[in-house]
Amino acid sequence: AAAATEVAVEFDFKGYMLGKAESVNRALDRAVPLTHPKLIHEAMRHCLLAGGKRVRPVLCIAACEIVGGDEALAMPPACAVEMIHTMSLVHDDLPFMDNDGLRRGKPACHVVYGEPVTVLAGDALLAHSFGHIADTANYPSAVSPALLVRAIAELSRCIGSEGLVAGQVVDMESTGIEETVALDRLEYIHLHKTASLLEGAVVIGAIVGGGSDGEIDRLRRYAQCIGLLFQVVDDILDVTKSSEELGKTAGKDLVSDKTTYPKLIGLEKSRKLAEELLRDAKSQLEGFDPAKTAPLIHLANYIAYRQK
Ligand code: GRG
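So the sequence shown is numbered by UniProt numbering: it starts at 59 and just counts up by one.
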């Protein structure tokens, strides 16, 4: 009987993720139809519908649900966040940025459509993201314009020159320099380049869901913790994967000039930091309805224990 109860309360995280990602994919498909001029909409759709784990939109939906909202209410902001995430990757892949020819296992946008169209496709996705949140016709029922304005202001702050763009620019300034990047600078880069958009996703989900200021604050701290956790784990995997591959090829960590947590504080302390961030993230969820915390708890575990 005990085992049966356990099975009954066990949360099907994989099913939750896949189900939500599928809804997000359908909504994104509808959000960017192949209208005139075809070229730009084809390029936007190439970028947006090429796969991706959809972690940010799922976080947005889960945050809306934890404060009492539902998936349909969170879908426009969730899609907007994925449009912004996608445009940031598309611009990052350009030859004069990170110069990557492959994205999500497919040819990068600039490889297929060229650089000028790629810049415009990113710009168009960014513009469309805010319009998509603001358009009340995208919501299942009446939604407060005041909440939408608050969500838009929040998202703009998270991605602009004091948010995601700040992280990217400080990262650029820290690449290829002689001296090692200090720990506080590394944390600044990750908090802005990665955590900021996760924070935006979670916070705007909670805003449209009608969360209180206290709930929004706790969810914001949750998102900042999992954002940093994402990068600390990335750095740990970089080292462990590199040493696994040493037999075959030169370890990535040995050839890369990138500053990582293991390089600065060692592997053991990096693992401890990851544990602390995971614990801190989960502790922010303590005041919420326990029946609704499972998705965000499992999302944090997923970021912490992933293998790539
Ligand atoms: C946002 C206005 C604006 C401009 C963009 C180019 C640029 C400025 C920023 C680049 C930022 C960048 C490359 C951040 C990396 C973020 C990150 C952790 C990506 C990996 O995310 P996953 O694993 O990827 O969620 P998928 O493909 O699954 O979505």
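Quick reminder that beta carbons are idealized off the backbone N, C-alpha and C, glycines included.
Option nearest residue i by Cα separation, candidates the options
i, options, result
"Cys105", "Gly180, Ile119, Ala132", "Gly180"
"Leu336", "Ala352, Thr317, Tyr363, Pro353", "Tyr363"
"Asp315", "Ile294, Met133, Asp70, Gly234", "Gly234"
"Pro134", "Tyr197, Arg161, Glu80", "Tyr197"
"Phe288", "Ala358, Ala166, Ser202", "Ala358"
"Phe330", "Gln365, Ser300, Val290, Ser219", "The question names Phe, yet the displayed sequence has Lys at residue 330. Checked all of Gln365, Ser300, Val290, Ser219; the closest Cα to Lys330 is Val290."
"Pro153", "Ala200, Gln365, Gly172", "Gly172"
"Val260", "Val113, Leu117, Asn83", "Leu117"
"Leu147", "Gly110, Pro174, Ala136, Glu123", "Gly110"
"Ile284", "Leu354, Ala138, Tyr74, Ala204", "Leu354"
"Asp292", "Ile265, Ser214, Lys321", "Lys321"
"Tyr280", "Glu257, Val297, Gly263, Gly269", "Glu257"
"Leu244", "Asp156, Val139, Ala224, Ala195", "Ala224"
"Leu160", "Ala108, Ala182, Asp271", "Ala108"
"Leu249", "Val227, Pro115, Gly269, Ser341", "Val227"
"Gly218", "Glu333, His143, Lys72", "His143"
"Leu183", "Pro203, Val201, Cys167", "Cys167"
"Lys251", "Val266, Glu220, Gly267", "Glu220"
"Arg278", "Ile294, Ala253, Gly268", "Ala253"
"Arg276", "Glu344, Thr298, Leu295, Glu236", "Glu344"
"Glu334", "Leu286, Arg215, Pro115", "Leu286"
"Pro203", "Ile191, Leu213, Ser214", "Ile191"
"Arg84", "Ala332, Phe69, Cys137", "Cys137"
"Asp242", "Tyr319, Ile262, Glu326", "Tyr319"
"Val82", "Leu97, Glu100, Pro115, Glu68", "Pro115"
"His338", "Ser214, Gln282, Phe69", "The sequence given here has Asp at residue 338, not His. Nearest option by C-alpha distance: Gln282."
Opening and closing residue of the alpha helix (DSSP H) in which residue i lies
i, result
"residue 367", "Nothing about residue 367 can be reported from this structure: the residues present for the chain run from 59 to 366 only."
"Ala121", "113 to 124"
"Asn83", "71 to 89"
"Asp338", "325 to 341"
"Pro198", "Element bounds for Pro198: n/a, residue is neither H nor E."
"Pro134", "129 to 150"
"His94", "Neither: His94 is in no alpha helix (DSSP H) and is coded neither H nor E."
"Pro174", "173 to 192"
Residue i versus residue j - alpha carbon distance
i, j, result
"Ile323", "Thr317", "11 Å"
"Glu80", "His94", "26 Å"
"Met141", "Ser300", "32 Å"
"Val90", "Met102", "8 Å"
"Lys310", "Ala130", "Low confidence applies to Lys310: its pLDDT is 44, below 50, so where it sits in the model is not reliable, and the reading given next is rough at best. So the alpha carbons of these two residues sit roughly 42 Å apart."
"Lys366", "Glu302", "13 Å"
"Ile210", "Ser232", "30 Å"
"Ala308", "Thr238", "A caution first: Ala308 carries a pLDDT of 46, below 50, which makes its placement in the model too unreliable to give a value."
"Thr176", "Phe346", "42 Å"
"Asp271", "Gly127", "15 Å"
"residue 367", "Ala264", "In this structure the chain extends from 59 to 366, so residue 367 is not present and cannot be described."
"Ala62", "Asp229", "Since pLDDT at Ala62 reaches only 44, below the 50 mark, its modelled position is unreliable, and the value read off the structure follows with that caveat. Roughly 50 Å between the two C-alpha positions."
"Tyr74", "Ser341", "22 Å"
"Ser328", "Phe188", "37 Å"
"Ala200", "Leu206", "11 Å"
"Arg208", "Val266", "9 Å"
"Arg112", "Gly163", "15 Å"
"Phe71", "Glu236", "44 Å"
"Arg88", "Lys78", "16 Å"
"Gly268", "Ala120", "13 Å"
"Pro165", "Asp151", "10 Å"
"Tyr360", "Asp156", "27 Å"
"Lys350", "Val125", "9 Å"
"His99", "Val169", "16 Å"
"Asp193", "Pro174", "28 Å"
Practice problem: At 3 residues or longer, and completely inside the region 212 to 274: list those beta strand (DSSP E) runs for me, N to C. | Solution: none
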